[in-house]
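What follows is a set of notes on a single structure, which appears directly below.
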Amino acid sequence: MTSEDLDRIEERLRQRIAAERTSHLNSDVADLRGGLPNTPLAVVTIAFALGCLFSVSFLIFLLGGLDYWWTTYQLAFFLCVWSFFHWAEFAVTAGWNLEKCNIDSFLLNNGNMYHIAHATAISEYLATLYFFPGAKKFAYLSQIGVIITLCGQALRSLAMIHASTNFSHAVALEKRENHKLVTDGIYAWFRHPSYAGFFYWALGTQVVLQNPLSFVLYSGLLWRFFYYRTRAEERALIKFFGQDYVEYRRRVGTKIPFIP
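The letter at position 212 of the sequence shown is residue 196 when you use the numbering used here, and the numbering goes up by one with no holes.
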């Protein structure tokens, strides 16, 4: 192989790398849903803020709460798993699905209802704790909630890792060339494991907080959201994979109540 051949190979590699970078940037801009800037500085700042919130909350949780009336282990756990969830969404996407990774991978642009639901849960918890502190004393309920929440987080992250580049935070309406139907691993047990994981993660947090009103609110909102989302997504998947997906859907359930 001559030096000219090596030069041509290097030039082709440079062109390919440049094309991939351009493609990623264009894809990032096209896929952005919110107003957060898609820059390394924004990513670092958000990750740092989430990490700080996680660290402080986790410490308070381990200590069983502090002396202030609102610094309970229950609220600390909620803030801890909330910050970890959003950090993990970005981290898993960056590690196993880099092509789709951008600032929105933190899922902080989940819509107004998402933030209103969490604000409502915190408000219910603090109001009940202040006026009726005895209503939050059932430690066994919070312990059950911790288990449900952690299992939900593990299920969602495992689903994203196993699906890898076949996973997308947004419903895909067009089939990519490398899009494959994943039916093994965790997908052999759950048809939409990432949805089931988030469903139980969210409900688990309300069991930890012992929030009866927010538990009902979360249940209704999440069920409605995932019911219509799975229907829309599965229409696209049938278009992509035909009878293969129909057979898979018949064989494997969602494991979300009343969503077959």
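Think of the CB as a built atom: it goes at the ideal place given N, C-alpha and C, for glycine as much as any other residue.
Since this is a predicted model, take the numbers as computed values, not measurements.
Taking 7 Å as the cut-off, decide whether the C-beta atoms of threonine 214 and histidine 176 are in contact.
Their beta carbons are under 7 Å apart, which means threonine 214 touches histidine 176 by this criterion.
With a CB to CB cut of under 6 Å and the five nearest residues on each side skipped, what residues in its chain are close to phenylalanine 61?
Phe45 and Val192
Relative to the ligand MG, is the shortest distance from any of its heavy atoms to the C-beta of alanine 143 smaller than 6 Å?
This structure lacks the ligand MG, and indeed carries no ligand of any kind.
Under DSSP, the alpha helix (DSSP H) around serine 252 begins and ends at which residues?
A query on residue 252 cannot be resolved here, the shown segment of the chain reaching from -15 to 244 and no further.
Which two residues bound the contiguous alpha helix (DSSP H) that contains phenylalanine 61?
57 to 80
Report the residue from Asp168, Thr167 and Val130 whose alpha carbon sits nearest the alpha carbon of glutamine 194.
Val130
Taking all protein chains shown into account, decide if arginine 140 is buried (16 or more other Cβ within 10 angstroms of its Cβ) or exposed.
So arginine 140 counts as buried.
On the premise that phenylalanine 74 lies in contact with serine 89, defined as a C-beta separation below 8 Å, what is that separation, rounded to the nearest angstrom?
The C-beta distance from serine 89 to phenylalanine 74 rounds to 4 Å, short enough to meet the 8 Å contact threshold.
Does the count of Cβ pairs from the region 41 to 55 and the region 107 to 114 closer than 8 Å reach three?
The answer is yes - the region 107 to 114 touches the region 41 to 55, with three or more Cβ pairs under 8 Å.
Please report the residue range of the alpha helix (DSSP H) in which isoleucine 243 lies.
It is not in any alpha helix (DSSP H) - isoleucine 243 carries neither H nor E in the DSSP assignment.
Below 8 Å, can you find three or more Cβ-Cβ pairs linking the region 156 to 170 to the region 86 to 100?
no
Taking the alpha helix (DSSP H) that glutamate 158 falls in, what are its first and last residues?
Premise fails: glutamate 158 is in no alpha helix (DSSP H) and is neither H nor E.
Roughly how many angstroms separate the alpha carbons of threonine 29 and serine 148, rounded to a whole number?
So the alpha carbons of these two residues sit roughly 25 Å apart.
How is valine 236 classed by DSSP in three states: helix, strand or coil?
coil
Out of curiosity, what's the CA-to-CA distance linking leucine 92 and valine 65?
14 Å
With a threshold of 16 other CB atoms inside 10 Å of the CB of glycine 48, please say whether the residue is buried or exposed.
exposed
Ordered along the chain, which non-local residues of its own chain (more than five positions away) have a Cβ less than 6 Å from that of tryptophan 185?
Thr133, Gly136 and Gln137
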